[in-house]
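Colleague:
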Amino acid sequence: MKRLLIIAGSDSGGGAGIQADIKTASAFGVYAMTAITAVTVQNTRGVKAVHSVPPAVVAEQISATLSDIGADAIKIGMLDNAATVKAVASALKKHAKKIPVVLDPVMISTSGHRLLAPNAAAAMMKDLFPLAALITPNIPEAKALAHLKSAKRNDAEIAARKLIAMGAGAALIKGGHATASTIDDVMVWKGGVEIYAFPRLKTRHTHGTGCTLSTAIACGLAEGEPLPLAVGRAREYVQAAIETAPGLGKGHGPLNHFAQV
Ligand code: PXL
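At position 127 of the sequence shown the residue is numbered 107 (this note's numbering), and the sequence of numbers has no breaks.
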């Protein structure tokens, strides 16, 4: 059985974060382990509070799991603060030398709550981008991290190249925050440029799509799939998961992580 270590925050509502990640890995038949960075108090209407896990405890979760069980891939989501970014980077340098890392550079929740301290983005770029096989920013994150100019394919490609220049192996700029009827996700990797185009679904149930996508990609990498195939399969899975969302909660509801693809 392939093994995935998830380094991310808990969403009490079960739609995003660690909970989405475990369900996704389970749907892919991949064994999920976790290093929890923060506990959010949250439902489909928004994030009410964030309780940080001490950075040393985050690092110990990483060393405990990797030194015993090991991993075939690692997904990183919410990092919360700069000290945790640094603790994660040094734990991965020690214990995860050849394991592919998918970094979802989570900054702000769909509901507008900060999930990364303002001073932590620089640390994430400097210490974690060089460890990542792939980073998966959405449009607001690509604006903040790489001065993305517009949602156009060409501008996404330019931003992706900037992120790669900072050390990431590849970058996938997700188009979900644009408004066009087709969502273009643009990936630049060592093999060139890939575009993943899917119809925009009319729904408010999109909570946790970023977490779900990055974990699904990491599962593909854990199985040994080439990056473009892992991203394509993950994108199809997310589309089906949104299409069949159960409609829970009064706000942005969760996806159906057990959608048939
Ligand atoms: O979607 C980003 C995200 C990541 N991690 C946690 C979250 C969210 C969004 O709400 O709650 C824990």
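Glycine residues also receive a C-beta, built at the ideal position from the N, C-alpha and C atoms.
Name the residue from Lys55, His31, Gly(-6), Thr4 whose alpha carbon lies nearest to the alpha carbon of Ala15.
Modeller: Measuring from the Cα of Ala15, the nearest candidate turns out to be Lys55.
Colleague: Under the three-state reduction of DSSP, which class applies to Arg(-17): helix, strand or coil?
Modeller: Strand at Arg(-17).
Colleague: Indicate, with yes or no, if ligand 1 has a heavy atom lying under 7 Å from the CB of Ser(-10).
Modeller: Checking the Cβ of Ser(-10) against ligand 1 gives yes.
Colleague: Since Gly155 and Ile119 are thought to touch, with beta carbons under 8 Å apart, how far apart are those beta carbons, to the nearest angstrom?
Modeller: Their Cβ separation, rounded to whole angstroms, is 7 Å, which keeps Gly155 and Ile119 in contact under 8 Å.
Colleague: Rounded to the nearest angstrom, how far is the Cβ of Thr24 from that of Gly(-3), given a contact under 8 Å?
Modeller: Not confirmed; about 13 Å, so no contact.
Colleague: In this structure, what does DSSP give as the bridge partners for Met167?
Modeller: Partner(s): Leu152, Glu174.
Colleague: What does a CB cutoff of less than 8 Å around Ala220 pick up in its chain, not counting 5 residues either side in sequence?
Modeller: Same-chain partners within the cutoff: Asn236, Ala239, Gln240, Val241.
Colleague: The beta strand (DSSP E) with Ser32 in it runs from where to where?
Modeller: Taken as a continuous stretch (DSSP letters only), the beta strand (DSSP E) holding Ser32 covers 26 to 32.
Colleague: Could you please give the first and the last residue of the uninterrupted beta strand (DSSP E) stretch that includes Asn23?
Modeller: Its beta strand (DSSP E) spans residues 11 to 23.
Colleague: Is Thr183 buried or exposed, if buried means 16 or more other CB atoms sit within 10 Å of its CB?
Modeller: Result: exposed.
Colleague: Does at least one heavy atom of ligand 1 sit under 7 Å from the Cβ of Cys199?
Modeller: Flag unset: Cβ of Cys199 not near ligand 1.
Colleague: By how many angstroms is the C-alpha of Asp165 removed from the C-alpha of Thr159?
Modeller: Taking the straight line joining both Cα atoms gives about 13 Å.
Colleague: In the DSSP output, which residue or residues are listed as bridge partners for Ala(-12)?
Modeller: BP columns for Ala(-12) point to Ile16.
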